[in-house]
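Novice: Below: one structure in structure tokens.
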Amino acid sequence: MQFDDVILGRRSIRGYKPDPVPRALIEEIIGLAMRAPSSMNSQPWNFYVITGEPLNRIRAGNTERMVAGVPQSREFRIGQPFAGAHRERQVQVAKQLFSAMGIARDDKDKRQDWVLRGFRQFDAPVCIIVTYDRALDGSDDTPFDCGAVTNALVNAAWSRGLGAVINSQGIMQSPVVREHAGIADDQVIMKSIALGWPDHDFPANAVVSERKPVREATVFVGFED
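With my numbering as the guide, the letters of the sequence shown map in order to residues 1 to 225.
Here is the structure:
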């Protein structure tokens, strides 16, 4: 693919084929992603790549604890709920997804099933957990750098025919994740990425979220028209 094809074509994938993803391909994708820039070349990121039975145990434990009402224990700061235009965009993409999946506003069972899919990492065959070195906890640059490498990773995956979705639902219960992924104590869990071969028959995979126009996001200073 050309660069523009990757950027313009990529979308979040929430339905996957069960086919395994070769380890060599994942290593290649991570190697590409790690060319992302970082503050003073600090490269604060690390990756835990999980599949098979360990991933199934994370899915089960995460789901069981969330359904039982155990308070979530995400390790990276959450912040305040979205409001204003940011909340409107959040609602809009949810409407697009629910419409594609045929989930009515008052269908509590289907809405709950959709939430549970998130807790299960959307049943993807691979989960990549992005962590950063605890020694850098509190650094303003570190989350920015981890975001850069995560963006590079999902784009690299797309360029190789794989789909991905960045999410936090699958790591809500960090003790479960730490236990079954063997995450070192010197690491902070930041995000997870569901990864696999896209199921092109899964309706939500056709959803393309809207982007605000350049003119709304950008201020040009010192340019002549």
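Even for Gly, the Cβ is constructed at its ideal location relative to N, Cα and C. In this text the structure is predicted, and so the values were computed from the model without any measurement.
#1: Mapping DSSP to helix, strand and coil, what is tryptophan 197?
#2: May I ask which residues mark the beginning and end of the alpha helix (DSSP H) holding threonine 218?
#3: With H, G and I counted as helix, E and B as strand and the rest as coil, what does DSSP make of alanine 164?
#4: Just confirm the distance between the C-beta atoms of glycine 15 and asparagine 205, as a whole number of angstroms; I'd bet it's less than 8 Å.
#5: To the nearest angstrom, report how far apart glutamine 2 and proline 71 are at their CA atoms.
#6: Taking its Cβ as the centre, do 16 or more other Cβ atoms sit within 10 Å of proline 198, making it buried, or is it exposed?
#7: So, helix, strand or coil for valine 188, using DSSP?
#8: Can you tell me whether DSSP reads aspartate 137 as helix, strand or coil?
#9: Less than 8 Å between C-beta atoms, sequence neighbours within five positions excluded: which residues of the same chain meet that for methionine 66?
#10: Sort out for me which residues DSSP pairs phenylalanine 47 with in a bridge.
#11: Could you give the distance in angstroms between the alpha-carbon of serine 39 and the alpha-carbon of alanine 33?
#12: If I measure Cβ to Cβ from arginine 57 and keep anything under 6 Å in the same chain, skipping five residues before and after, which residues do I get?
#13: Going along the chain, which residues of its own chain have a beta-carbon closer than 6 Å to the beta-carbon of tryptophan 158, five neighbours each way excluded?
#14: Can you tell me whether serine 99 is helix, strand or coil according to DSSP?
#15: By DSSP, does serine 159 sit in helix, in strand, or in coil?
Specialist: If we stick to the structure as given:
#1: Collapsing the DSSP output to three states places tryptophan 197 in coil.
#2: For threonine 218, there is no enclosing alpha helix (DSSP H), since its DSSP letter is neither H nor E.
#3: Under the three-state reduction of DSSP, alanine 164 is assigned to strand.
#4: Going by Cβ atoms, the distance from glycine 15 to asparagine 205 rounds to 5 Å, so yes, they are a contact pair.
#5: So the alpha carbons of these two residues sit roughly 44 Å apart.
#6: It counts as buried.
#7: Secondary structure of valine 188 (DSSP, three-state): strand.
#8: Three-state DSSP puts aspartate 137 in coil, outside helix and strand.
#9: For methionine 66, where only same-chain residues beyond five positions count, the Cβ hits under 8 Å are Gln72, Phe119, Met172, Gln173.
#10: Per DSSP, Val130.
#11: Each residue's alpha carbon lies about 15 Å from the other.
#12: Within its own chain, the residues whose Cβ lies closer than 6 Å to the Cβ of arginine 57, once the five positions on either side in sequence are excluded, are His180, listed in chain order.
#13: So the qualifying residues of the chain are Val6, Arg10.
#14: Residue state, collapsed to three classes: helix.
#15: Here serine 159 sits in helix by DSSP.
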